[in-house]
Amino acid sequence: MTQPVPVQYTLRPVSPEAHLFEATVIVTHPAKDGQVFFLPAWIPGSYMIREFSKHIVEMEARAGGKPVALRQLEKNRWQAARVKGALTLRYLVYAFDLSVRGAYLDGERGFFNGTSVFLAAEGYENEPCAVEILAPEGKAYADWKVATSLPAVDIKKKSGFGGYQASSYDELIDHPVEMGEFQKVSFKACGVPHEFVVSGRFQGDLKRLAEDTKKICEYQIKLFGEPAPFDRYVFMLFVGKDIYGGLEHRASTALVANRDDLPAPGAAEVSDGYLKLLGLISHEYFHSWNVKRMKPAAFTPYDLNREGMTRLLWAFEGITSYYDDLTLVRCGLIDEKRYLGLLAETITGVQRGAGRMKQTLEQSSFEAWTKYYRQDENSPNSIVSYYTKGSLAALALDLLIRRDSKGKQSLDDVMRALWRKWLADGKGLEEDEWEKIAIETTGLKLKPFFDLALRSTQDLPLLELLKSQGVELKFEAAQGASDRGGVVDAFAAKPAPLTLGVKTAADAAGVKLVQVLDGGAAQQAGLSGGDVVVAVDKLRAYDLDKQLARLAVGDKIKLHAFRRDELMTFDVAPQAAPEDTCRLKLEAGGGKWIAGR
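Residues in the sequence shown are numbered from 1 upward in steps of one, following UniProt numbering.
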């Protein structure tokens with residue numbers, strides 16, 4: 001007779017209209033001094049304390065059919081009184097977070113990460129557990145189905161509701177679950193079954209989405225070497241309006257995107273929205289190797305009650321960001337010029353932030369918990385992104401290795417060496433180990449580069465490194481708020497327009513200053529992020545670029561703006577736009593590294 005697993009979970013969407021999941025956890029042999037339960041304070045891949053326990057709205061414990069006293073020990077920890085026999089904990093979770101990090105439930109769909117709904121039984125984290133996922137009751141939910149990469153044990157073939165298992169709590173929370181009336185397409189990449197589940201209201205060509213995603217998957221599997229590190233993989237995409245994001249897991253990923261980003265039926269081109277979605281798919285899939293398996297020692301194992309500080313996020317997020325778009329051109333979804341356009345926009349974004357001169361990449365990685373994930377109106381002036389500058393550091397490293405090895409080696413070789421190490425020992429990387437492996441693999445003197453790129457605020461030597469690969473780089477003045485740089489056939493600098501040095505957003509009262517940049521005209525005049533400009537020289541504010549267009553350097557304007565409910569007046573001297581916008585020009589025969597040559 002099969003022995004029951006030590007911990008058994010049940011989850012049911014008990015009240016979709018109230019956004020409530022009901023969960024139970026049964027511990028067959030609870031701790032003698034009283035079983036302790038806890039809910040993670042954060043979710044791996046998203047480096048901010050999120051306090052998931054705040055969404056628990058009701059909790060009770062029972063043993064032998066009788067109530068058991070519960071005592072809250074901390075914000076996310078509870079202890080049941082001592083009992084004999086199995087202990088059952090029942091609780092409700094409010095789920096209305098339309099993101100990839102938490103849990104969501106309404107009358108149309110449900111979604112959850114295990115960190116949001118499964119209380120861990122302390123002392124049993126490394127023990128097997130069983131999970132039963134139940135369907136909501138009622139005719140309205142008769143056609144609901146389940147999608148997850150959790151290993152199935154006893155499920156209904158048509159719907160997927162039923163029994164699943166996990167070898168540990170860490171595995172349990174690393175397989176998100178989608179439920180509802182979604183659409184699904186399937187394909188195989190290097191022989192591995194993949195599913196792409198799409199929920200939300202949309203019109204899109206899912207067959208093309210599957211074909212293009214297959215190209216991405218096969219390129220990345222072959223980059224690291226077959227076989228893939230999973231037996232099956234599930235993409236879960238919810239489409240809506242004005243949403244974007246993804247979160248990686250060991251055999252799946254959760255994605256959210258705009259419904260218009262899906263490829264239109266019958267369309268052959270890759271629209272900007274679809275390109276953005278493909279880049280997101282590529283990014284999260286690459287994480288299957290780079291952070292889900294190869295990871296910092298600080299994440300081995302994860303401490304889900306507090307921050308896991310590491311200086312290596314630039315390597316796991318930045319390098320992934322480098323390969324996400326590179327994959328698209330190497331597997332034939334876009335051409336080299338389209339890729340260089342994306343690269344130019346990334347270079348522009350980093351160049352425009354004064355924070356790059358104040359925070360190193362290692363600091364950016366280490367302070368992600370308090371700065372990158374908790375940005376405010378001053379963030380462009382004080383921090384640099386380990387995603388974007390990290391991707392440029394990866395680019396620079398790749399080009400440096402190619403140049404100094406005379407084309408015999410590349411960053412690909414370093415990534416494969418890291419993967420071989422993980423396959424051999426399964427251990428996380430110590431803080432200095434990534435650099436050591438890169439130096440050992442290439443045989444090159446890379447320490448001066450790492451000191452500059454990771455531990456200084458100097459700009460990366462992109463101009464000379466791109467030049468070595470037949471790509472010219474030049475910074476010019478932006479020709480308006482929408483100009484983020486791009487590819488040109490010839491450099492033809494245009495006069496610099498005037499600017500206030502701000503990032504703006506529409507506001508019912510006028511123009512809101514979302515961010516005021518260091519050294520800009522607005523900052524010098526005393527304007528601040530959050531101010532709402534209502535008038536420019538006594539005319540209603542509506543488009544600051546257009547309203548500055550007829551001015552010349554030296555002219556001054558008077559701005560009226562609300563700060564909170566106070567009307568203020570500012571005398572501003574607009575400045576010529578700085579040369580911070582990247583233009584790239586591909587020389588004949590250049591850019592061979594893009595295609596992996």
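Beta carbons are placed, not taken as given, at the ideal position from N, Cα and C, and that holds for glycine. Since the structure is predicted, the reported quantities are computational estimates derived from the model, not experimental observations.
query: For Trp314, does the three-state DSSP call read helix, strand or coil?
result: Correct three-state label for Trp314: helix.
- request: My understanding is that Glu587 touches Val471, with C-beta atoms under 8 angstroms, so please give their C-beta distance in whole angstroms.
  value: Sure, about 7 angstroms apart at Cβ, within 8 angstroms.
- request: In the DSSP assignment, find the alpha helix (DSSP H) that holds residue 615 and state where it starts and stops.
  value: Any question about residue 615 goes unanswered here, given that the chain covers just 1 to 597.
- prompt: Under three-state DSSP, which class holds Phe286?
  reply: In the three-state reduction of the DSSP assignment, Phe286 falls in the helix class.
query: Is any heavy atom of the ligand NAP found at a distance shorter than 8 angstroms from the C-beta of Glu132?
result: This structure lacks the ligand NAP, and indeed carries no ligand of any kind.
- request: Please determine if the region 72-82 and the region 34-41 are in contact, where contact requires at least 3 C-beta pairs separated by less than 8 angstroms.
  value: Contact between the region 72-82 and the region 34-41 is present, because at least three Cβ pairs lie under 8 angstroms.
- prompt: Along the chain, which unbroken stretches of the alpha helix (DSSP H) at least 4 residues long are found entirely within the region 356-410?
  reply: If only complete runs of 4 or more residues are kept, the region 356-410 shows the alpha helix (DSSP H) at 361-366, 379-382 and 388-404, in order along the chain.
message: Using only CA atoms, which one of Glu440, Gly114, Ala63 and Leu395 lies nearest to Thr10?
response: Gly114 is the residue among Glu440, Gly114, Ala63 and Leu395 whose C-alpha sits nearest the C-alpha of Thr10.
task: Starting from the Cα of Gln183, find the closest Cα among Tyr164, Ser159, Tyr169 and Gly163 and give me that residue.
output: Just measuring C-alpha positions, the residue of Tyr164, Ser159, Tyr169 and Gly163 sitting nearest Gln183 is Ser159.
query: With 16 as the cutoff for other CB atoms within 10 Å, does Phe96 come out buried or exposed?
result: The residue is exposed, with fewer than 16 neighbouring Cβ atoms inside 10 Å.
query: At which residues does the beta strand (DSSP E) containing Asp531 begin and terminate?
result: That residue, Asp531, is in no beta strand (DSSP E); it is neither H nor E in DSSP.
message: Suppose the cutoff is 8 angstroms on Cβ atoms and the five residues either side in sequence are ignored; what does the same chain contact list for Pro265 look like?
response: Cβ contact annotation for Pro265 (same chain, cutoff 8 angstroms, sequence separation greater than five): Gln203, Gly204 and Asp205, in chain order.
query: In terms of residues, what are the limits of the alpha helix (DSSP H) holding Tyr339?
result: Start and end: Glu336 to Gln351.
query: Could you check where the alpha helix (DSSP H) with Leu446 kicks off and where it finishes?
result: Element bounds for Leu446: n/a, residue is neither H nor E.
message: Using only CA atoms, which one of Met294, Leu411 and Val14 lies nearest to Tyr323?
response: It is Leu411.
query: If we count the other Cβ atoms within 10 Å of its Cβ and call it buried at 16 or more, is Phe491 buried or exposed?
result: Label assigned to Phe491: exposed.
task: Would you please state the rounded distance, in angstroms, between the beta carbons of Ala525 and Asp489? I believe it to be under 8 angstroms.
output: Not a contact, Cβ separation roughly 39 angstroms.
- prompt: Nearest CA to the CA of Pro193: which residue from Ser199, Val185 and Met294?
  reply: Measuring from the Cα of Pro193, the nearest candidate turns out to be Val185.
- prompt: Going by other Cβ atoms of all chains shown within 10 Å of its Cβ, with 16 needed for buried, is Gln220 buried or exposed?
  reply: So Gln220 ends up on the buried side.
field: For Met415, the residue or residues it bridges with in DSSP
entry: Its beta-bridge partners do not exist; DSSP assigns none.
message: In this structure, how does DSSP classify His249 when only helix, strand and coil are distinguished?
response: Here His249 carries a coil assignment [DSSP, helix/strand/coil].
query: Considering only C-alpha positions, which residue in the set Thr300, Val93 and Phe112 is nearest to Ser53?
result: By alpha-carbon distance to Ser53, the top candidate from Thr300, Val93 and Phe112 is Val93.
- prompt: Counting pairs of Cβ atoms below 8 angstroms between the region 574-584 and the region 339-357, do you hit three or more?
  reply: With contact defined as three or more Cβ pairs closer than 8 angstroms, the region 574-584 and the region 339-357 are in contact.
message: Can you check which of these residues, Phe161, Tyr169 and Gly110, is closest to Glu127 by C-alpha distance?
response: Ranked by Cα distance from Glu127, the options Phe161, Tyr169 and Gly110 are led by Tyr169.
Identity of the residues DSSP links to Cys582 by a beta bridge: Paired residues: Phe475.
- prompt: Where Pro176 and Val100 are concerned, what is the direct C-alpha to C-alpha distance, given to the nearest angstrom?
  reply: Using only the alpha carbons, I get a separation of about 9 angstroms.
- prompt: By how many angstroms is the C-alpha of Glu476 removed from the C-alpha of Leu452?
  reply: Rounded to whole angstroms, the separation of the alpha carbons of Glu476 and Leu452 is 25 angstroms.
message: Within the continuous alpha helix (DSSP H) that includes Thr457, where are the two ends?
response: First-last for Thr457: undefined, no H or E at that position.
message: The beta strand (DSSP E) that contains Gly510, what's its start and end?
response: It spans Gly510 to Val516 - the beta strand (DSSP E) in which Gly510 sits, taken as one unbroken run.
Collapsed DSSP secondary structure at Gln523 in the structure displayed: Looking at Gln523 - three-state DSSP - the assignment turns out to be helix.
Per-residue DSSP class, three states only, for Val150: This sequence places Leu at residue 150; Val is not what is there. If DSSP states are grouped into helix, strand and coil, Leu150 belongs with coil.
field: Alpha-carbon to alpha-carbon, Val234 and Gln72
entry: Straight-line spacing of the CA atoms in Gln72 and Val234 works out to 37 angstroms.
field: Cβ neighbours of Ala189 in the same chain (closer than 7 angstroms, five flanking residues each side left out)
entry: Scanning its chain for C-beta atoms nearer than 7 angstroms, with the 5 sequence neighbours on each side dropped, one finds around Ala189 the residues Lys214, Cys217, Glu218 and Ile221, in chain order.
- prompt: When burial is assigned at 16 or more other CB atoms within 10 Å of the CB, is Arg402 buried or exposed?
  reply: That one is buried.
- request: Kindly indicate which residue of Glu367, Ser405, Ile557 and Lys292 has the alpha-carbon position closest to the one of Lys427.
  value: The option with the nearest alpha carbon to Lys427 is Lys292.
query: In its own chain, which residues sit with a C-beta less than 6 angstroms from the C-beta of Lys156, not counting the 5 before and 5 after it?
result: For Lys156, where only same-chain residues beyond five positions count, the Cβ hits under 6 angstroms are Gly162.
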